[in-house]
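Numbering (this note's numbering), first residue to last: 166 to 291.
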């Protein structure tokens with residue numbers, strides 16, 4: 166089947182064997198990119214499928230893909246790290262929400278424990 170201006174991730178996902186193989190790609194005169202991809206008879210995943218081991222293994226393969234991680238880095242994406250996430254929450258403009266005692270307590274807890282959260286390797290998330 167054909168796709169117009171598909172995500173750049175499609176080529177990586179195809180190379181990883183996660184989605185059907187790309188047959189060819191062509192840039193048109195107007196700048197559009199047409200991609201031909203193998204058609205596989207399949208079905209849409211249902212919520213009940215999400216608990217299967219096969220789906221979990223596929224998601225793990227996507228999340229641990231070094232090629233996808235490299236592509237994200239080339240696109241200028243930065244890892245989401247605890248300190249930066251906490252700063253984004255603190256800079257939130259919802260003054261009333263931040264004044265709520267439970268929210269204040271939660272922010273104080275996060276500030277005290279932000280250094281307890283660290284990551285040895287980064288993965289791709291969606």
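By construction, the Cβ of each residue, glycine as well, lies at the ideal position given by its N, Cα and C atoms.
Bear in mind the structure is a predicted one, so any value in this text is a computation, not a measurement.
Rounded to whole angstroms, residue 255 and residue 247 show a C-alpha spacing of 12 Å.
DSSP places residue 188 inside the beta strand (DSSP E), whose first and last residues are 187 to 192. Residue 184 carries a coil assignment under DSSP once its states are collapsed to helix, strand and coil. In the displayed model, residue 250 falls within a helix according to three-state DSSP.
Distance from the Cα of residue 205 is smallest, within the candidate group 184, 230, 288, for 184. Nearest C-alpha to residue 240 among 196, 170, 174: 174. CA-to-CA, the gap between residue 166 and residue 203 works out to about 6 Å. Each residue's CA atom was taken as its position, placing residue 261 and residue 232 some 43 Å apart.
When the Cα atoms are used, residue 220 and residue 210 turn out to be separated by approximately 9 Å.
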